[in-house]
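Each residue of the sequence shown is one higher than the one before, counting from 22 in our numbering. A quick write-up on the structure given underneath.
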Amino acid sequence: MARSQWGSRLGFILAAAGSAIGLGAIWKFPYVAATNGGGAFLFIYLGICLTLGLALMLAEMALGRASKAGAVGAFRQLAGGGWPIIGYMSVLVCFLILSFYSVVGGWTIAYIVKALGGGIMTSDAKTLGAIFNGFISDPLEPIAYHAGFALLTVWVVAGGVQKGIENLSKFLMPALFVLMLVLIVRGLTLPGAWDGVKYFVAPDFSKVSSAMLVDALGLAFFSLSLGLGIMITYGSYVSKESNLLGSALWVILLTVATCFLAGLMVLPAVFAFGFDPSAGPGLTFITMPAVFAHLPLGQLFAVMFFCLLLLAALTSSVSLLEVVTSFAMDEFGLKRGQAAWVMTLGIFLLGIPASLSLGVWSEYQLFGMGVFDLLDYLTSKLLMPLGELLLALFVGWKAWPVVRRELAGDGAGRRMRLMRGFCMAMAPALIGWIMVASLRAA
Ligand code: PFF
């Protein structure tokens, strides 16, 4: 069977950006930046994305195009031996991430329903906090929405690469940007909002700690969809003529721009309405309704916002399921539809304890964390950085001739040497150092 291909380069860039831009940028980034004290975190995050992020994204795309295979197949074809373990690990991590990602994806559906009902149209911090906490700790409701989100994801993935993933991303990304700009303008014109802007962009480097570095590293990989073979899989659908360097740069710029806009959208409002910036995972869900309550046609904006958040989450969850599905198809010879449904069932089941751990099962803890937090910690702060570390070593020491050949036509010129040095030594050293420092501090 011929391997699927993207319909156009733009389609590829938007689908890759669609994978990257999602709950990571709009839900996670604002609260992780806020709990890390703002300013300095933003700069460290940007620095990591533009160096480590760019080099590793380019490397992943090149590996995919060179091998024309998915996360495991690429390593097997290009090297064999023990290297495919990196691929197996990334498939597992996609599976784990998707289980809690789908729970949060379900929250976005619930908030569309709440916005339609009008119950969240208030700027009272206590009420909004109570609504959010009451909802996520309920034993049934969030799980039903989690099921809804998982169904949407499997429906797109079962539809195939071009029809499903590409078409969705093309329409969604521009709409998301426009809506965020409207919300930012409203947020910034509220009294007190500029304190939030200052908090977000003015760097206070005395706050830098190893915990902040590992947060920034984990978030950079999470938000750029790196370390899990996504860009390998998507790169395998790219034609030989496409310029990968340019595509990778576009994906990174679009993603960091979205994170920046999300910060500007959420944090000024936090200050204007007196919310607690360290509120954690609920920040976007609790803060944004207060902005809508102060907008003409606020309810309409609220519905639109949560719809777009849902769609942004969907293009990301689709990419996670695509890796797992393409693995099951390549390895077990399953048909696309079968593979996608079987994997989704497993993901849904694992999401149940994750959701319950935010409510009735909160006392069941391991290393001081419930299932939801544990899955997040394990994937973002341990397994994704570890995956990237191994990938950098693989590219620098083992697969370099292939990667160099693959990128030869992309106009990188002498920067290729820099990239190799980066993959061989600098990236592994930096990631290794940050991980060890954070584990010691824990
Ligand atoms: N990058 C996505 C987001 O920020 O929402 C989430 C994600 C997708 C993480 C794919 C990792 C991944 F491989």
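Glycine included, every Cβ here is placed at the ideal spot set by N, Cα and C.
| Check | Outcome |
| --- | --- |
| Going straight from the alpha carbon of Phe388 to that of Leu238, what length do you get? | 21 Å |
| Beta-carbon within less than 8 Å of Val235's beta-carbon, same chain only, minus the 5 sequence neighbours each way: which residues are those? | Lys402, Pro406, Ile455, Met456, Ala458, Ser459 |
| Excluding the 5 residues preceding and the 5 following Val134 in the sequence, name in chain order all residues of the same chain whose CB lies nearer than 8 Å to its CB. | none |
| Nearest CA to the CA of Thr308: which residue from Ile205, Ala334, Val259? | Ile205 |
| Flag Gly239 as yes when its Cβ comes closer than 8 Å to any non-hydrogen atom of ligand 1, and as no otherwise. | no |
| Going by DSSP in three states, Met142 sits in which element: helix, strand or coil? | coil |
| For Leu266, name the three-state secondary structure that DSSP assigns. | helix |
| Should Leu245 be listed as close to ligand 1, given that the test is whether its C-beta is under 8 Å from any heavy atom? | yes |
| Please classify Gly138 as buried or exposed, where buried requires at least 16 neighbouring CB atoms within 10 angstroms. | exposed |
| Does any heavy atom of ligand 1 sit closer than 8 Å to the C-beta of Ala334? | yes |
| Taking 6 Å as the limit between beta carbons, can you name the residues of its chain near Leu117, skipping five residues before and five after? | Leu396, Thr400 |
| With distances taken from CA atoms, which of Leu84, Leu172, Gly155 is nearest Leu366? | Leu172 |
| Indicate the three-state DSSP secondary structure (helix, strand or coil) for Leu99 in the structure shown. | helix |
| Mind pulling the alpha helix (DSSP H) runs of 4 or more residues that sit fully within the segment 26-113? | 30-41, 50-56, 60-69, 75-88, 92-99 |
| May I ask which residues mark the beginning and end of the alpha helix (DSSP H) holding Val235? | 231-245 |
| Pair every Cβ in the segment 415-422 with every Cβ in the segment 257-266, then say whether three or more of these pairs are closer than 8 Å. | no |
| Could you give the first and the last residue of the continuous alpha helix (DSSP H) run that contains Thr346? | 319-353 |
| Contact defined as beta carbons within less than 8 Å: I believe Lys49 pairs with Phe243. What is the distance between those atoms, to the nearest angstrom? | 7 Å |
| Any heavy atom of ligand 1 closer than 8 Å to the Cβ of Val344? | yes |
| Under 8 Å from any heavy atom of ligand 1, does the C-beta of Tyr52 make it? | no |
| Compute the Euclidean distance between the alpha carbons of Tyr398 and Gly391, then round it to the nearest angstrom. | 10 Å |
| Among Val272, Leu342, Gly442, Ile141, which has the Cα closest to the Cα of Leu119? | Leu342 |
| If you count every other CB in all the chains shown that lies within 10 Å of the CB of Val312, and 16 or more means buried, which is it? | buried |
| Once DSSP output is grouped into helix, strand and coil, what is the label at Leu379? | coil |
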